[in-house]
DNA sequence: CCAAAACAGGTTGTCTGACAACCTGTTTAC
DNA sequence: GTAAACAGGTTGTCAGACAACCTGTTTTGG
């Protein structure tokens with residue numbers, strides 16, 4: 198497969214001025230130079246200081262406002278909002294630079310995914326259950342073929358399996374937040390070294406971990422689903438952390 | 198208190214053109230007129246169609262790009278990304294219009310908060326525990342004074358209590374996502390009718406629910422913390438749903 | 001004829017300048 | 001003394017221009 202997704206994706210990103218300005222301002226806020234309630238310098242002033250056009254500054258501020266970091270009022274200025282007013286949750290790629298942060302992110306994923314599974318156990322439809330079973334079957338086959346043969350396919354199927362489980366919770370917010378976290382983990386970890394790490398996720402012992410989740414879903418046992426999912430992801434995280442190449 | 202937060206806050210928002218354009222484009226994507234991979238009309242074309250300047254369209258597209266909904270390349274155009282590539286999780290105020298959506302949001306909050314509590318049980322420091330205890334004490338006092346006297350204070354203290362618990366997980370991602378969800382729920386529900394609903398959250402029986410969470414944290418029992426937190430928020434959601442004024 | 005280089009048209013990214021809408025504090029008018 | 005008008009500053013929007021870049025076509029050199 199010459200164009201496997203996530204493999205030769207865009208890595209360089211031609212820096213865009215507004216993004217850089219936004220990062221710069223954000224840093225000033227998080228660094229404490231700008232406290233909640235403070236007024237930002239005027240757009241003209243910022244433009245002059247950064248050496249860019251006002252349109253660039255405007256776009257940058259527009260991004261911050263979008264995330265609820267600042268609030269701007271015509272004729273007055275832009276103000277740093279209260280820190281607890283943020284209206285979005287996003288994961289910066291910088292999170293994947295430090296080992297501790299990756300572990301924390303995996304913790305979050307584990308917890309949220311477990312919650313989704315628990316919900317899915319009771320909220321799932323028979324249709325959804327059937328599709329989940331089919332994906333498990335497909336994953337089992339890829340697993341049997343071994344890491345050398347079907348590494349990509351197994352990883353992808355597993356992703357799809359848990360995505361379907363999450364969606365079976367029939368709670369779109371759960372689905373969104375899990376998908377978002379998962380995407381970020383995949384995008385950043387996969388390109389780094391997940392390829393190798395995925396190889397250690399093969400074998401019947403590990404398939405049993407997945408099996409336990411499915412059994413709980415079949416039994417519509419929310420508690421069991423929660424526990425099984427948590428166990429599965431905690432163990433995967435442990436195995437990842439134990440790897441020598443996990444910087 | 199003449200300027201209680203969240204009471205007489207900004208309600209009207211002078212419509213900003215870029216936001217409206219962004220919403221419009223988003224609607225086109227979610228409505229299916231624009232499928233993943235499709236190219237958006239050019240900025241000039243969009244500007245003409247919407248009857249606005251190109252800077253406005255640019256700002257709108259910049260927002261969508263920020264959320265990973267589109268990806269634009271200089272000299273080529275802007276493209277709708279794969280739906281699973283979204284890089285942020287945000288809650289639109291529209292979520293609070295339908296009863297079912299509010300329930301789903303509370304489900305999500307319950308699950309994530311429970312995960313944070315479980316983590317906090319083992320990750321907390323003694324310092325953090327002490328501060329949590331102090332907040333509980335403060336809340337108990339407000340509770341004793343009754344809804345007529347200390348409604349605002351009790352609600353705020355409770356919020357602060359669980360925020361501190363979440364932060365005691367010492368996982369900033371958990372803290373961020375919980376704070377974000379919580380903020381949205383508060384901002385939207387409170388102004389609507391949470392004021393009244395909060396009154397039914399008084400009394401020793403309900404304080405016991407909180408007490409159970411604290412006991413688990415003291416015992417450093419992650420499972421108990423998870424269960425107690427879940428129980429507490431599920432019950433609160435149930436009581437809310439049972440209210441007559443819950444449209 | 002073929003491959004590489006130059007070209008042309010279109011698109012996004014950035015810059016500049018202008019004006020409208022709006023806010024705040026001061027001054028003026030009644 | 002109070003209300004209205006004014007002045008200055010700031011954000012929001014508009015219009016036009018050019019740079020950087022991409023893609024497909026044409027031209028050129030062999």
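Protein chains in written order, with our numbering: chain A, 198 to 444; chain B, 198 to 444.
Every residue, glycine too, gets a C-beta built ideally from N, C-alpha and C.
All of these numbers come straight from a predicted model, not from anything done at the bench.
By Cβ distance, which residues of its chain are closer than 7 Å to residue i, with the 5 residues on each side in sequence left out?
i                      : result
residue 352 of chain A : 395
residue 234 of chain B : 276 and 277
residue 319 of chain A : 417 and 419
residue 427 of chain A : 307 and 311
What residue range is occupied by the uninterrupted alpha helix (DSSP H) comprising residue i?
i                      : result
residue 160 of chain B : Residue 160 of chain B is absent from the structure shown; chain B starts at 198 and stops at 444.
residue 429 of chain A : 419-439
residue 304 of chain A : 296-320
residue 385 of chain B : Segment: none, residue 385 of chain B is in no alpha helix (DSSP H) and carries neither H nor E.
residue 223 of chain B : 214-227
residue 246 of chain B : 240-247
Out of curiosity, what's the CA-to-CA distance linking residue i and residue j?
i                      : j                      : result
residue 317 of chain A : residue 409 of chain A : 14 Å
residue 383 of chain B : residue 346 of chain A : 51 Å
residue 355 of chain B : residue 280 of chain A : 18 Å
residue 440 of chain B : residue 336 of chain B : 23 Å
residue 381 of chain A : residue 309 of chain B : 18 Å
residue 364 of chain A : residue 307 of chain A : 16 Å
residue 288 of chain A : residue 398 of chain B : 34 Å
residue 213 of chain A : residue 221 of chain B : 24 Å
residue 298 of chain A : residue 435 of chain A : 14 Å
residue 327 of chain B : residue 419 of chain B : 18 Å
residue 216 of chain B : residue 417 of chain B : 46 Å
residue 274 of chain A : residue 300 of chain B : 37 Å
residue 259 of chain A : residue 430 of chain A : 38 Å
residue 369 of chain A : residue 242 of chain A : 43 Å
residue 374 of chain B : residue 360 of chain A : 20 Å
residue 232 of chain A : residue 377 of chain B : 19 Å
residue 254 of chain B : residue 321 of chain A : 41 Å
residue 401 of chain B : residue 404 of chain A : 47 Å
residue 407 of chain A : residue 330 of chain B : 39 Å
Determine the chain B residues that contact residue i at a beta-carbon separation under 9 Å, and present them in chain order.
i                      : result
residue 240 of chain A : Within 9 Å Cβ-Cβ: nothing; residue 240 of chain A doesn't reach chain B, min ~13 Å.
State the beta-bridge partners of residue i as determined by DSSP.
i                      : result
residue 340 of chain A : DSSP lists no partner for residue 340 of chain A.
residue 277 of chain B : B:267
residue 408 of chain A : Its beta-bridge partners do not exist; DSSP assigns none.
residue 251 of chain B : DSSP, once it has assigned bridges, lists no residue as partnering residue 251 of chain B.
residue 236 of chain A : A:276
List, in order along the chain, the chain B residues whose C-beta lies closer than 7 Å to that of residue i?
i                      : result
residue 282 of chain A : 380
residue 370 of chain A : 301, 302 and 305
residue 252 of chain A : 252
residue 263 of chain A : 260 and 263
residue 316 of chain A : 304
In chain A, which residues lie with their C-beta within 8 Å of the C-beta of residue i?
i                      : result
residue 259 of chain B : 215, 256, 259 and 260
residue 272 of chain B : In chain order: nothing, as chain A lies at least about 10 Å away.
residue 234 of chain B : Chain A residues near residue 234 of chain B: none, gap ~12 Å exceeds 8 Å.
Chain A partners of residue i, CB-CB under 9 Å?
i                      : result
residue 374 of chain B : 286, 305, 309, 374 and 378
Give every residue of the same chain whose Cβ lies closer than 8 Å to the Cβ of residue i, excluding the five residues on either side of it in the sequence, and list them in chain order.
i                      : result
residue 285 of chain B : 263, 264 and 265
residue 223 of chain B : 261 and 266
residue 357 of chain A : 332
Go through its chain and collect everything with a Cβ distance to residue i's Cβ below 6 Å, but skip five positions before and after it.
i                      : result
residue 247 of chain B : 218
residue 411 of chain A : 333
residue 303 of chain B : 434
Determine the chain B residues that contact residue i at a beta-carbon separation under 8 Å, and present them in chain order.
i                      : result
residue 229 of chain A : By Cβ distance, chain B contributes nothing, its closest Cβ being about 16 Å from residue 229 of chain A, past 8 Å.
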